[in-house]
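First to last, the protein sequences are chains A and B.
FYI, the numbering for the first sequence is 4 to 224, going by this note's numbering.
FYI, the numbering for the second sequence is 4 to 224, going by this note's numbering.
Even for Gly, the Cβ is constructed at its ideal location relative to N, Cα and C.
Protein chains: 2
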Amino acid sequence: MAENRTAKAAQTRAGIVDAALTLFRSGGYDATTMRAIADEAGVSLGSAYYYFSGKEELVQAFYDQLQLEHAAAAETAYDRSAFADRLRGVMESFLDVAEPFHDFGGQFFRNAADPRSPLSPFSPESAPAREASTDLMRRAVEGSDLKVAPALRQELPDLLWLLHMGVVLFWVYDDSPGQRRTRALVAGLVPLVDRSIRLTRLPLVRGLVDDGLGVVRSLRG
Amino acid sequence: MAENRTAKAAQTRAGIVDAALTLFRSGGYDATTMRAIADEAGVSLGSAYYYFSGKEELVQAFYDQLQLEHAAAAETAYDRSAFADRLRGVMESFLDVAEPFHDFGGQFFRNAADPRSPLSPFSPESAPAREASTDLMRRAVEGSDLKVAPALRQELPDLLWLLHMGVVLFWVYDDSPGQRRTRALVAGLVPLVDRSIRLTRLPLVRGLVDDGLGVVRSLRG
DNA sequence: GTCTATAGTGGGATAGAC
DNA sequence: GTCTATCCCACTATAGAC
């Protein structure tokens, strides 16, 4: 993928990514033209297309950086042992890290939503970022005080990642100042999730969960 | 909005929608140009833009038609009284109606995902289609044998609509032949939802649901 | 009020010379 | 690897025919 034959090529490539990130930050996705990116990077339009198949591919670089920042910010969540605290920490740290990009997050999101796009969170190209993100959830579960049936525990990181995607979706659509409503959602959701998972041990609920896990597993295969 | 002064205008307008739908069907969204739509409809490019502000507005017409077809196809679901049967009927009838469009559904979906786009299912412009779709869920609940606390019953149509959106999301990403996996999801999900709602009457679960409804209501306000 | 013809802008993407 | 020149198309604008 990112194997650049010469050092100079790698430098040119990095310069284009830098330029794109700068312009995306200040002007959003749609308003940032490939011409402006090439100009900012000091290369021709053709060169920009030599390194990147299109504007979309430049967004992947943006995502990767956001993911790294989220992972770093989530670190403090693992200081506590209560599952709810850890989960809330991971989810809130995303909101903190992503806040500066909220205004044009939707523009990125639009491209990510295309199933055929490599930018989709479910695409093979996104697998590394997806797994890194799922790992944040796995760590929230594994070091915590949460007691849960092994079968559910195994699926939990993936399910929590899906929940995280749902929160991100809500965040994208949230136009309240400082994304206040998404923060309220997380604050309300986390205790509910925590209690729901613990309720799993009730006999009547347990049967339901087992069947649910069966559906999940059958859809994977 | 769609008030056309003369019969001729209405005919021209309908012709353009028809042409767009035909071309979307055969070639997808991106590949269909406004020029081709105008040609197919036998009008000038300027005329196409006279009636529709752009390509996106043509998609809205497509959605509206799909919604109408779904409503018609869902009618048979209401013959039965068991809630699970009614819900499954509504959900499966969507899959039946939408199947011919699956291949380029994702391209539409990309535009719909932009929060600022009128095509978004949450936009004010989509309110009529959204409410019509929610009504299908309301009818699945209201004529059924389902016994559930009034507070939850009131929110149920909106919550089921959200679930439907989730299924549509899955459907968009589903590349199995005939969307077999989405059909399996619906078949697995419906009994789970049915049982979950009934479990709501358990004292321990009830407290959880009440709190969940509290979160939902606080997010609306 | 409905529609055409035409001309132009901007920007994503590509071809081919160097 | 890099550039220039070009294509294509969404979209706008406008003058005027009917």
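Helix or strand or just coil, what does DSSP make of residue i?
| i | result |
| --- | --- |
| Y32 of chain A | coil |
| R83 of chain B | coil |
| S47 of chain B | coil |
| P118 of chain A | coil |
| L222 of chain A | helix |
| F125 of chain A | coil |
| A152 of chain A | coil |
| T203 of chain B | coil |
| T9 of chain B | coil |
| F55 of chain A | coil |
| S147 of chain A | coil |
| L216 of chain A | helix |
| M4 of chain B | Unreliable positioning characterises M4 of chain B in this predicted model, as indicated by a pLDDT of 41, which lies under 50. A coordinate reading is not provided. |
For residue i and residue j, I'd like the C-alpha separation in whole angstroms.
| i | j | result |
| --- | --- | --- |
| R198 of chain B | F86 of chain B | 10 Å |
| F173 of chain A | A187 of chain A | 11 Å |
| R223 of chain B | E95 of chain A | 21 Å |
| L162 of chain A | G210 of chain B | 23 Å |
| Q182 of chain A | H167 of chain A | 15 Å |
| A10 of chain B | I19 of chain B | 14 Å |
| G215 of chain B | V100 of chain B | 33 Å |
| G169 of chain A | G169 of chain B | 10 Å |
| A75 of chain B | R113 of chain B | 26 Å |
| F104 of chain B | Y81 of chain A | 45 Å |
| S84 of chain A | E60 of chain A | 39 Å |
| R115 of chain A | A77 of chain B | Per the sequence shown, the amino acid found at residue 115 of chain A is Ala instead of Arg. Those two C-alpha atoms are separated by around 31 Å. |
| Y26 of chain A | F55 of chain A | It should be noted that the sequence gives Leu, not Tyr, for residue 26 of chain A. Taking the straight line joining both Cα atoms gives about 16 Å. |
| E72 of chain A | S136 of chain A | 11 Å |
| D33 of chain B | G57 of chain B | 13 Å |
| T185 of chain A | R89 of chain B | 33 Å |
| A154 of chain A | P124 of chain B | 35 Å |
| G217 of chain A | L195 of chain B | 11 Å |
| A190 of chain A | K150 of chain A | 22 Å |
| R142 of chain B | V193 of chain B | 16 Å |
| E128 of chain A | I40 of chain A | 23 Å |
| D138 of chain A | P160 of chain A | 7 Å |
| R130 of chain B | E102 of chain B | Here residue 130 of chain B turns out to be Ala, not Arg, going by the sequence shown. Each residue's alpha carbon lies about 24 Å from the other. |
| L205 of chain B | A64 of chain A | 49 Å |
| L69 of chain A | F111 of chain A | 12 Å |
| M140 of chain A | V171 of chain B | 25 Å |
| T35 of chain B | T36 of chain A | 23 Å |
| D117 of chain A | D178 of chain B | 13 Å |
| R38 of chain A | S29 of chain B | 33 Å |
| L207 of chain B | E134 of chain B | 33 Å |
| Y52 of chain A | S126 of chain A | 22 Å |
| A13 of chain B | D148 of chain B | 44 Å |
| R201 of chain B | V212 of chain B | 12 Å |
| S221 of chain B | E43 of chain A | 45 Å |
| R91 of chain B | W164 of chain A | 27 Å |
| D21 of chain A | V144 of chain B | 53 Å |
For the putative contact between residue i and residue j, defined by C-beta atoms under 8 Å, what is the C-beta separation to the nearest angstrom?
| i | j | result |
| --- | --- | --- |
| E158 of chain B | V93 of chain B | Not really, about 17 Å apart at Cβ, beyond 8 Å. |
| G31 of chain B | F97 of chain B | Not quite, the Cβ-Cβ distance comes to about 20 Å (not below 8 Å), so this is no contact. |
| L122 of chain B | V62 of chain B | 6 Å |
| Y66 of chain B | A132 of chain B | 6 Å |
| A152 of chain B | T79 of chain B | Going by Cβ atoms, the distance from A152 of chain B to T79 of chain B rounds to 29 Å, so no, they are not a contact pair. |
| R119 of chain B | G109 of chain A | 6 Å |
| T15 of chain B | S47 of chain B | About 11 Å; that fails the 8 Å criterion. |
Inset, instruction - Taking only runs that begin and end inside the stretch 161-203 of chain A, name each unbroken alpha helix (DSSP H) of 4 or more residues, in chain order. - result: Under the rule that a run must span 4 or more residues, the alpha helix (DSSP H) segments found entirely inside the stretch 161-203 of chain A read 183-202.
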